[in-house]
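Worksheet for the structure shown next.
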Amino acid sequence: MTIAAQIKIAAEQALKSLFPQADIQPSQITVNQTKPEFKGDYTVVLFPFVKSLRMKPDELGKQLGDYLVANNELFTSYAIVSGFLNLTIKDSYWANFLTATYNNTSFGVKEKNNKKVMVEYSSPNTNKPLHFGHMRNIFLGYAMSNVLKTNGYDVVKANLINDRGIHICKSMIAWMRYANGATPESTGIKGDHLVGDYYVKFNDIYKEEVAKLVAEGVAEATAEKEAPIMKEAQELLRKWEAGDKEVYSLWEKMNGWVYEGFDKSYKRLGVDFDKMYYESNTYLLGKSLVEEGLKKGVLFKKEDGSVWIDLTADGLDQKLLLRSDGTSVYMTQDLGTAQLKYNDCGGLEQSIYVIADEQNYHMQVLKLILQKMGEPCADGIYHLSYGMVELPSGRMKSREGTVVDADDMMDEMASMAKQQTEEAGKTEGFTQEELDKLYTTIGMGALKFYLLRVDPKKKMIFNPKESIDLHGFTATFIQYAHARICSILRKENMPLVPAKDTFASFKLTQDITPAEKKLAVSLEQYPSILENAATEYNPSLLCNYCFALAQQFNSFYDEHSISKAENEEKKQLRLMLIVMTAQVLRHAMNLLGIALPEKM
RNA sequence: GGUCCGGUAGCUCAGUUGGAUAGAGCAUCAGCCUUCUAAGCUGAGGGUCAUUGGUUCGAAUCCAAUCCGGAUCACCA
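For the first sequence, my numbering begins at -11 and goes up steadily by one.
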């Protein structure tokens, strides 16, 4: 149990025993970390009880403080400052904590809870390469999957690939018209980029054709519908849906190129999936669900044959589920896919969708419809909604080529890491191979951290002209702290994870210094941070935590020598502290997909 | 117009069920490498927490209204 939870229980027990007549609710007891300007480690807020107990805060604090110090081994002393009871925890508590957990590589990891969770993330369209916005989605989904795993869940990482529809037909038609059979092999262009180039080409031609029609006196709206290349794309889609062999094989070929490209990108990004869904397989799903919904009376049919659900009572609108010609819409297939996912896994405790906030309404409706239909998959649906990544000029538009490409960005980050490492003169003692690996580690770390450190639901603006920083609140800062620790351990001939009995002779006889204690206190909080990250679906909590921990380490490092500590006891204590700091940093950052080098 | 989300230092962001004098990073300025990695540390300046009212011992946090920004409300995906 965390120290904060122990204090809460102790305070509750103390209040109940001091004031048996009073009605003390656990929810009234707040335990916070004591502000640095005051003496103490943890604070109990006294105000909630002064009224019912008819006591002044100071008087209550004195009784409670006396009781706690007398009856509980955790506390050595207390101080009351304007209504706050500041408790000081015994040094031996922190020492015991360290000796018990310094080499526990699964500190904070919960036991399996036998609950299955699916996390769907990435879910790209197959008409263009991945861009900066996708990376936010991908890192979030991957990190969230890991966070849930450490919290005991059995996690299935899923990717729903939007491989069909008008968008891919646009790339196909442009390729047919202008590519002269160009392939990734013949051009040396990565498959997803090649297909993306023709998507851009389509839009260029489309614009030209519309402009030409408008110049000929056609109304703009009509021109947009009548542009030959658009009509060809639509014709291609019809043929695809009719199962035209030629169209189908071109579609397979071009999608294949894209998948090869995606695979490379995913590998570089360091993410993977347990299950792939393809819309070409799922887009007809959901119709039977709609039939059922009609029978149950949850849905209704309009005169023209279209099927709807009325959500006006829930403050929403009417939503179409089947067109009047009986064909399905996006929502229809999503209903089916939700059910498919659930059945595939033999039931799901939660089904998490990592999707941008532009689809908040869609996801709300999806869940609501399934709930109204009484589908078992409904209640577990959770939309992990994140804000879009925008440029200073506004949203990225792949049609207009203003996107920041994922592959380019990764290259740039690595070269920035290279440049700054060389400038700092830190390349000595590395082979070229090690250096290249280091640049990747630093560059990818900075990129991932940059996208994960912000609360997911907030939109973020990325200015490509201002490069991503490698100083301050960054992965580099944390990596550096880790490398420093590793450097000390190397000099001490100590492995990163020392054996259980390494500090068997340790015995606490001296006071723990403030800098030492700060580290211990932060380390002790890791499990609860990990838990919060899961319950709040927010990996950025781990970024904040790791940065604060690294910061505390740096101050500690500046203030105290480890190798040349005042005496053997201090040396052992500090070694335990830094071993565990490195261990926790590695663990947390690994969940975010960020590696920490041992040397940099 | 309806619904949802956001508004905190010049910029980018924290702020855990309401708790102490609202915190980091970047940028600016001033210090710190004969000592375990200075990608670091210490310090300074910088705030009407969008506005107004309410709830109470106490509000950046909860409620209401208003202002600003964004998303969304298709027989599109």
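Think of the CB as a built atom: it goes at the ideal place given N, C-alpha and C, for glycine as much as any other residue.
| Item | Value |
| --- | --- |
| Return the Cβ separation of Y249 and H181 in integer angstroms, given the expectation that the two are a contact with Cβ distance under 8 Å. | Checking the sequence, you will find Gly at residue 249 rather than Tyr. About 6 Å; that satisfies the 8 Å criterion. |
| Measuring only the C-alpha atoms, how far is L633 from A503? | The displayed coordinates of the chain run from -11 to 588. Any statement about residue 633 would go beyond what the structure contains. |
| What does DSSP give as the partner residue(s) for W296 in the beta ladder? | F288, L308 |
| Please work out which residues of its chain come closer than 6 Å, Cβ to Cβ, to I357, disregarding the five sequence neighbours upstream and downstream, and give them in chain order. | I297 |
| Taking all protein chains shown into account, do 16 or more other C-beta atoms lie within 10 angstroms of the C-beta of Q420, making it buried, or fewer, making it exposed? | exposed |
| On the DSSP letters alone, give me the boundaries of the alpha helix (DSSP H) that S543 sits inside. | 528 to 547 |
| Based on Cα-Cα distance, which residue from N92, Q222, S80, E196 lies nearest to L484? | N92 |
| Tell me the DSSP bridge mates of K104? | D142 |
| What did DSSP end up calling V353 once you bin it into helix, strand or coil? | helix |
| So, helix, strand or coil for A487, using DSSP? | coil |
| Could you give the C-beta distance for K283 and Y187, rounded to a whole number, given that I count them as a contact under 8 Å? | Rounded, the Cβ-Cβ distance is 42 Å, inconsistent with contact. |
| Between F261 and E554, what straight-line distance do the alpha-carbon atoms span, to the nearest angstrom? | 51 Å |
| Mind checking whether R165 and M398 have CB atoms under 8 Å apart? | no |
| In the DSSP output, which residue or residues are listed as bridge partners for R472? | Note: R472 sits in no beta bridge, so no partner. |
| Tell me whether T87 is buried or exposed, calling it buried when 16 or more other Cβ atoms sit within 10 Å of its Cβ. | buried |
| Per DSSP, which one or two residues make a beta bridge with E220? | Answer is none; E220 lacks a bridge partner. |
| Between I473 and A570, what straight-line distance do the alpha-carbon atoms span, to the nearest angstrom? | 7 Å |
| Please give me, in chain order, every unbroken run of the alpha helix (DSSP H) with length at least 4 that falls completely inside the stretch 115 to 168. | 120 to 138, 154 to 166 |
| Using only the alpha-carbon positions, how far apart do E0 and I17 sit? | 7 Å |
| Drop a sphere of 10 angstroms on the beta-carbon of F35, count the other beta-carbons inside from all chains shown, and report buried for 16 or more, exposed for fewer. | exposed |
| Considering F35, what are the terminal residues of the beta strand (DSSP E) in which it resides? | Element bounds for F35: not the beta strand (DSSP E) but the alpha helix (DSSP H), 35 to 41. |
| Anyone know if the C-beta pair for S372 and L128 falls short of 8 Å? | Note on residue identity: the sequence assigns Leu, not Ser, to residue 372. Cβ atoms of L372 and L128: closer than 8 Å. |
| Buried or exposed: where does N147 fall if 16 or more other Cβ atoms within 10 Å of its Cβ makes it buried? | buried |
| Give the range of the beta strand (DSSP E) segment to which V259 is assigned. | Segment: none, V259 is in no beta strand (DSSP E) and carries neither H nor E. |
| Is the Cβ-Cβ distance between L435 and P527 less than 8 Å? | no |
| Quick one: grab the DSSP three-state call for M361. | coil |
| Below 8 Å CB to CB, which residues in the same chain sit around Q321 once its five sequence neighbours on both sides are set aside? | E267, T270, Y271, L272, L273, G274 |
| Tell whether a beta-carbon distance below 8 Å holds between L201 and A211. | yes |
| Please list, in chain order, all residues of the same chain as Y254 whose beta carbon is under 7 Å from its beta carbon, the five residues on each side excluded. | D260 |
| Looking only at DSSP bridge pairs, what is S595 linked to? | Because the chain in this structure spans residues -11 to 588, residue 595 falls outside the shown range and cannot be described. |
| Which value, in whole angstroms, describes the spacing of the CA atoms of D332 and D142? | 14 Å |
| Measuring CB to CB, does Y370 end up less than 8 Å from I343? | no |
| Rounding to the nearest angstrom, what Cα-Cα distance links D185 and A170 in this structure? | 12 Å |
| Which value, in whole angstroms, describes the spacing of the CA atoms of A131 and A10? | 45 Å |
| Which term fits Y66, buried or exposed, when burial requires 16 or more other beta carbons within 10 angstroms of its beta carbon? | buried |
| Looking at the secondary structure, which residues open and close the alpha helix (DSSP H) in which E429 lies? | It is worth fixing the name first, because residue 429 is Thr in this sequence and not Glu. Its alpha helix (DSSP H) spans residues 420 to 440. |
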